[in-house]
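Asker: Right, I'll just put the structure down here and ask away after.
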Amino acid sequence: MEASAPTETSTFEQLMLPHLDSAYNLSRWLLRNPHDAEDAVQEACLRAFRSFGGFRGTDGRAWFLTIVRNVCYSHLRQGKRELPKVAFEEDLHGSPQDLGEANAQSWLEVKGELLRQALERLPAEYREMIVLHDVEGLSYREIAGVAEIPLGTVMSRLARGRGRLQTELAALSESTSP
Amino acid sequence: MNCDESHLLLEAYADGELDLVRHIELETHLKACPACLRLSEGIAARRTRIREALPRFDASQALRESIRASLQAEAQKTAEQRPIRFPVAWQRWNLAGLAVSVTVALLAGYSWGGHRARSASVAKEAFAEHMRSLQANHLMDVISTDRHTVKPWFAGKLDFSPPVVDLADIGFPLAGGRLDQIDGHTAAALVFRRRLHTINVFVWPARDAVPPPSSASESGFSAQGWTNGGLNFLAVSEIPAADLEQFVGEYKKRTQ
Chain A
4 MEASAPTETS TFEQLMLPHL DSAYNLSRWL LRNPHDAEDA VQEACLRAFR SFGGFRGTDG
64 RAWFLTIVRN VCYSHLRQGK RELPKVAFEE DLHGSPQDLG EANAQSWLEV KGELLRQALE
124 RLPAEYREMI VLHDVEGLSY REIAGVAEIP LGTVMSRLAR GRGRLQTELA ALSESTSP
Chain B
22 MNCDESHLLL EAYADGELDL VRHIELETHL KACPACLRLS EGIAARRTRI REALPRFDAS
82 QALRESIRAS LQAEAQKTAE QRPIRFPVAW QRWNLAGLAV SVTVALLAGY SWGGHRARSA
142 SVAKEAFAEH MRSLQANHLM DVISTDRHTV KPWFAGKLDF SPPVVDLADI GFPLAGGRLD
202 QIDGHTAAAL VFRRRLHTIN VFVWPARDAV PPPSSASESG FSAQGWTNGG LNFLAVSEIP
262 AADLEQFVGE YKKRTQ
């Protein structure tokens with residue numbers, strides 16, 4: 004009877020811990036500081052472990068990331084964190100063209116540090132799309148599963164998110180240039 | 022395709038996420054439209070730079086160790102609280118054992134004989150297709166939450182017209198569709214979502230085909246079938262049987 008506990012733990016560790024970096028990365032980007040990010044991942048791991056019996060799918064990473072995301076959002080909702088600088092308005096205004104000003108040449112010269120700062124200024128709902136797709140390499144379909152939103156919404160949020168990123172970047176470069 | 026439509030698809034195009042039909046349509050448009058082409062190049066450069074320049078944060082060794090420790094403590098705690106526990110490894114057995122149960126059940130199916138066996142083998146096939154669709158990278162050939170996109174996509178690919186409904190209002194959003202094979206017939210597979218789970222609804226003509234089983238289950242998957250308007254329907258998923266029943270009930274009601 005006692006032997007079952009280590010077995011369960013090791014099954015969980017084998018299936019879920021390989022995704023720990025993904026989990027931490029998402030959490031770090033959503034909560035924007037290492038300390039909160041570690042707390043959230045730790046909490047998510049325990050939650051995942053407790054509900055592991057209900058895991059039936061084949062995609063452990065998506066399942067785990069969904070839990071991590073939920074924990075992060077409840078941390079954000081607790082209102083301890085600063086509010087996002089740009090309010091999130093769900094796909095209501097702004098045509099997709101306003102993000103089309105991307106100039107191929109000028110993008111080659113964008114500095115990594117500035118890009119990181121710009122991303123941190125986006126609303127979480129846009130930020131997570133860019134993190135999951137461009138940093139973690141999840142497909143639209145996988146993101147739809149993790150964020151529990153339709154595929155079409157993933158597509159439009161990602162497009163808008165990149166557009167907003169560009170706007171933030173422009174604002175940042177203006178304020179830093181002499 | 023006009024410029025407005027093209028603008029909506031350029032990001033997904035850069036990400037390689039467009040279905041084949043729209044990919045070709047967009048490329049045709051880009052060849053003819055320098056403005057959209059320039060936009061497309063800008064979007065591609067932006068995507069590349071974002072991917073190169075953003076850091077990925079890795080979990081520290083200290084975090085790993087502290088998680089391991091808290092998992093051990095948690096396992097210890099639950100073991101003490103609930104001394105009688107189910108033998109665990111069945112999680113993995115569930116996956117690995119599926120192939121075995123399919124084989125065993127298939128053999129059993131033959132001895133059953135006749136009509137019923139064929140009906141059961143339709144279910145087997147549907148389970149296998151459902152499994153495959155979960156693993157394959159391209160669950161859907163046409164990705165759309167809009168039934169007015171999904172239905173025309175099947176026209177010209179099938180000699181029948183599968184009724185497409187959207188059940189998003191009761192928590193089963195339509196995600197898309199693809200072509201599949203059931204019982205030697207070309208079938209439409211409509212893909213619906215239930216949170217993280219997938220429901221495949223296979224639709225194929227009833228003529229010359231055995232009717233699908235009204236219900237079947239296997240290794241955590243369940244299926245429910247019916248016939249309506251000359252078409253066979255079989256819904257397959259890993260969601261609880263009661264949820265699937267709700268889904269099927271509503272699907273039937275809206276296609277009558």
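Chains as they are written, first to last, in our numbering: chain A, 4 to 181; chain B, 22 to 277. Note that beta-carbon positions come from the ideal geometry of N, C-alpha and C, so glycine has one too.
At a CB distance below 8 Å, what residues from the segment 28-52 of chain A approach chain B? Give them in sequence order.
Answerer: For the segment 28-52 of chain A, which is checked against every Cβ of chain B, the residues closer than 8 Å are Asn-28, Arg-31, Trp-32, Pro-37, Ala-40, Glu-41, Val-44, Gln-45, Cys-48, Leu-49, Phe-52.
Asker: Hey, could you find the ends of the beta strand (DSSP E) Pro-226(B) is sitting in?
Answerer: Counted from its first residue, the second sequence places residue 226(B) at position 205. Element bounds for Pro-226(B): 218-226.
Asker: Looking only at DSSP bridge pairs, what is Arg-199(B) linked to?
Answerer: Within the second sequence, residue 199(B) is the residue found at index 178, counting from 1. Paired residues: Ala-210(B).
Asker: Mapping the DSSP letters down to three states, classify Gly-140(A) as helix, strand or coil.
Answerer: Here the question's residue 140(A) lines up with position 137 in the first sequence. The answer is coil: DSSP assigns Gly-140(A) none of H, G, I, E or B.
Asker: Assuming the contact rule is C-beta atoms closer than 8 Å, Leu-33(A) and Ala-127(A) should be a hit. Round their C-beta distance to whole Å, please.
Answerer: For the purposes of this step, residue 33(A) is identified with residue 30 of the first sequence, where counting begins at 1. For the purposes of this step, residue 127(A) is identified with residue 124 of the first sequence, where counting begins at 1. Indeed, because the Cβ distance is near 6 Å, the residues count as touching under 8 Å.
Asker: How big is the Cα-Cα spacing for Val-113(A) and Glu-41(A)?
Answerer: Taking the first residue of the first sequence as 1, we reach residue 113(A) at position 110. Taking the first residue of the first sequence as 1, we reach residue 41(A) at position 38. Going by the C-alpha atoms only, they are around 30 Å apart.
Asker: Helix or strand or just coil, what does DSSP make of Gly-246(B)?
Answerer: Stepping through the second sequence from its first residue, residue 246(B) is reached at position 225. Three-state DSSP puts Gly-246(B) in a strand.
Asker: Keeping to the same chain, check which residues put their C-beta closer than 7 Å to that of Glu-146(B); ignore five residues upstream and five downstream.
Answerer: Numbered from its first residue, the second sequence carries residue 146(B) at position 125. Within the same chain, Glu-146(B) has close Cβ partners Ile-203, Asp-204.
Asker: Applying the 10 Å Cβ sphere with the 16-neighbour rule, what's the burial state of Val-212(B)?
Answerer: To locate residue 212(B), count along the second sequence from 1; it is residue 191. The residue is buried, with at least 16 neighbouring Cβ atoms inside 10 Å.
Asker: Going by the beta-carbon positions, is the gap between Phe-175(B) and Phe-268(B) smaller than 8 Å?
Answerer: Translated into positions along the second sequence, residue 175(B) becomes position 154. Translated into positions along the second sequence, residue 268(B) becomes position 247. Cβ atoms of Phe-175(B) and Phe-268(B): not closer than 8 Å.
Asker: Using the rule of at least 16 other Cβ atoms within 10 Å of the residue's Cβ for burial, across every protein chain shown, is Lys-52(B) buried or exposed?
Answerer: For the purposes of this step, residue 52(B) is taken as the residue at position 31 of the second sequence. Per the 10 Å Cβ criterion, exposed.
Asker: List the residues of chain B that Ala-184(A) touches, going by C-beta distances under 7 Å, in chain order.
Answerer: Given that chain A is displayed from residue 4 to residue 181, the structure contains no residue 184(A) and the question cannot be resolved.
Asker: Is there at least one Cβ from chain A nearer than 8 Å to Gly-63(B)'s Cβ?
Answerer: Translated into positions along the second sequence, residue 63(B) becomes position 42. Answer yes: the Cβ-Cβ gap between Gly-63(B) and chain A drops below 8 Å somewhere.
Asker: Give me the residue from Glu-32(B), Ala-149(B), Leu-200(B), Thr-166(B) with the minimum Cα distance to Leu-60(B).
Answerer: The sequence position of residue 60(B) within the second sequence is 39, counting from 1. The shortest C-alpha separation from Leu-60(B) is found at Glu-32(B).
Asker: Would you grab the beta carbon distance between Val-171(B) and Leu-195(B) for me? Rounded to a whole angstrom, and I think it's under 8 Å.
Answerer: Start at 1 with the first residue of the second sequence, and residue 171(B) comes out as number 150. Start at 1 with the first residue of the second sequence, and residue 195(B) comes out as number 174. With a Cβ gap of about 7 Å, Val-171(B) and Leu-195(B) count as contacting.
Asker: Between Glu-38(B) and chain A, is there a C-beta pair that is closer than 8 Å?
Answerer: Residue mapping note: residue 38(B) aligns to position 17 of the second sequence, counting from 1. Cβ-Cβ to chain A under 8 Å: yes for Glu-38(B).
Asker: Comparing alpha-carbon positions, which option in Ala-263(B), Thr-248(B), Ser-154(B) lies nearest Lys-273(B)?
Answerer: The count along the second sequence starts at 1 and reaches residue 273(B) at position 252. For Lys-273(B), the nearest C-alpha among the options comes from Thr-248(B).
Asker: DSSP three-state call for Gly-164(A): helix, strand or coil?
Answerer: As a position in the first sequence, residue 164(A) is number 161, starting the count at 1. Gly-164(A): helix per DSSP, three-state reduction.
Asker: Starting from Leu-255(B), follow the beta strand (DSSP E) in both directions and report where the run begins and ends.
Answerer: Against the second sequence, residue 255(B) aligns to sequence position 234. Leu-255(B) -> beta strand (DSSP E) spans 252-258.
Asker: Between the segment 64-71 of chain B and the segment 38-56 of chain B, do three or more beta carbon pairs fall short of 8 Å?
Answerer: No: fewer than three Cβ pairs fall under 8 Å.
Asker: Can you look up Phe-55(A) in the DSSP assignment and give me helix, strand or coil?
Answerer: Locating residue 55(A) in the first sequence gives position 52, where the first residue counts as 1. Here Phe-55(A) sits in helix by DSSP.
Asker: Which value, in whole angstroms, describes the spacing of the CA atoms of Leu-188(B) and Glu-16(A)?
Answerer: What you label residue 188(B) is simply residue 167 of the second sequence in a count that begins at 1. What you label residue 16(A) is simply residue 13 of the first sequence in a count that begins at 1. Distance between the alpha carbons of Leu-188(B) and Glu-16(A) is about 37 Å.
Asker: List, in chain order, every chain A residue whose beta-carbon is nearer than 8 Å to that of Asp-79(B).
Answerer: Reading the second sequence from its first residue, position 58 is the one you call residue 79(B). Going along chain A in sequence order, the residues near Asp-79(B) (Cβ under 8 Å) are Asp-24, Tyr-27, Asn-28.
Asker: Name the DSSP bridge partner or partners of Ala-238(B)?
Answerer: Translated into the one-based positions of the second sequence, residue 238(B) becomes position 217. Note that residue 238(B) is Ser in the sequence shown here, rather than Ala. Ser-243(B), per the DSSP bridge assignment.
Asker: Does the beta-carbon distance from Leu-255(B) to Gly-241(B) come in below 8 Å?
Answerer: Along the second sequence, read from residue 1 onward, the residue named residue 255(B) stands at position 234. Along the second sequence, read from residue 1 onward, the residue named residue 241(B) stands at position 220. Cβ distance not < 8 Å, so Leu-255(B) and Gly-241(B) don't count as in contact.
Asker: Would you give the residue range spanned by the alpha helix (DSSP H) that Lys-274(B) belongs to?
Answerer: Your numbering for residue 274(B) matches position 253 in the second sequence. Segment 262-276, the alpha helix (DSSP H) holding Lys-274(B).
Asker: Phe-193(B) by DSSP, collapsed to three states: which one?
Answerer: The sequence position of residue 193(B) within the second sequence is 172, counting from 1. Note: Phe-193(B) maps to strand in three-state DSSP.
Asker: Would you call Pro-99(A) buried or exposed, if buried means 16 or more other Cβ atoms sit within 10 Å of its Cβ?
Answerer: On the first sequence, position 96 is the one that residue 99(A) refers to. With a pLDDT of only 44 at Pro-99(A), under the threshold of 50, the placement of this residue in the model should not be trusted; the figure read from the coordinates follows. By the neighbour-count rule (16 or more Cβ atoms within 10 Å), Pro-99(A) is buried.
Asker: With a CB to CB cut of under 6 Å and the five nearest residues on each side skipped, what residues in its chain are close to Phe-171(A)?
Answerer: Here the question's residue 171(A) lines up with position 168 in the first sequence. Correcting the residue type first, residue 171(A) is Glu in the shown sequence and not Phe. Excluding sequence neighbours, Glu-171(A) sits near Ala-121, Arg-124.
Asker: How should Cys-24(B) be labelled, buried or exposed, when 16 other C-beta atoms within 10 angstroms of its C-beta is the threshold for buried?
Answerer: Residue mapping note: residue 24(B) aligns to position 3 of the second sequence, counting from 1. Classification for Cys-24(B): exposed.
Asker: Mind reading off the beta-carbon distance from Cys-48(A) to Leu-92(B)? Whole number of angstroms is fine, and I expect it under 8 Å.
Answerer: Taking the first sequence and counting its residues from 1, the one referred to as residue 48(A) is at position 45. Taking the second sequence and counting its residues from 1, the one referred to as residue 92(B) is at position 71. Between Leu-92(B) and Cys-48(A) the Cβ distance is about 7 Å, and since that is below 8 Å, they are a contact.
Asker: Roughly how many angstroms separate the alpha carbons of Val-138(A) and Leu-75(B), rounded to a whole number?
Answerer: Position 135 of the first sequence, counting from 1, holds the residue named residue 138(A). Position 54 of the second sequence, counting from 1, holds the residue named residue 75(B). For Val-138(A) and Leu-75(B), the distance between alpha carbons rounds to 7 Å.
Asker: Beta-carbon within less than 6 Å of Val-44(A)'s beta-carbon, same chain only, minus the 5 sequence neighbours each way: which residues are those?
Answerer: As a position in the first sequence, residue 44(A) is number 41, starting the count at 1. Only Ala-26, Tyr-27, Ser-30 meet the Cβ criterion.
Asker: Pull up the CB-CB distance for Leu-23(A) and Ala-80(B), whole angstroms please, since I reckon it's below 8 Å.
Answerer: Taking the first residue of the first sequence as 1, we reach residue 23(A) at position 20. Taking the first residue of the second sequence as 1, we reach residue 80(B) at position 59. Indeed, because the Cβ distance is near 5 Å, the residues count as touching under 8 Å.
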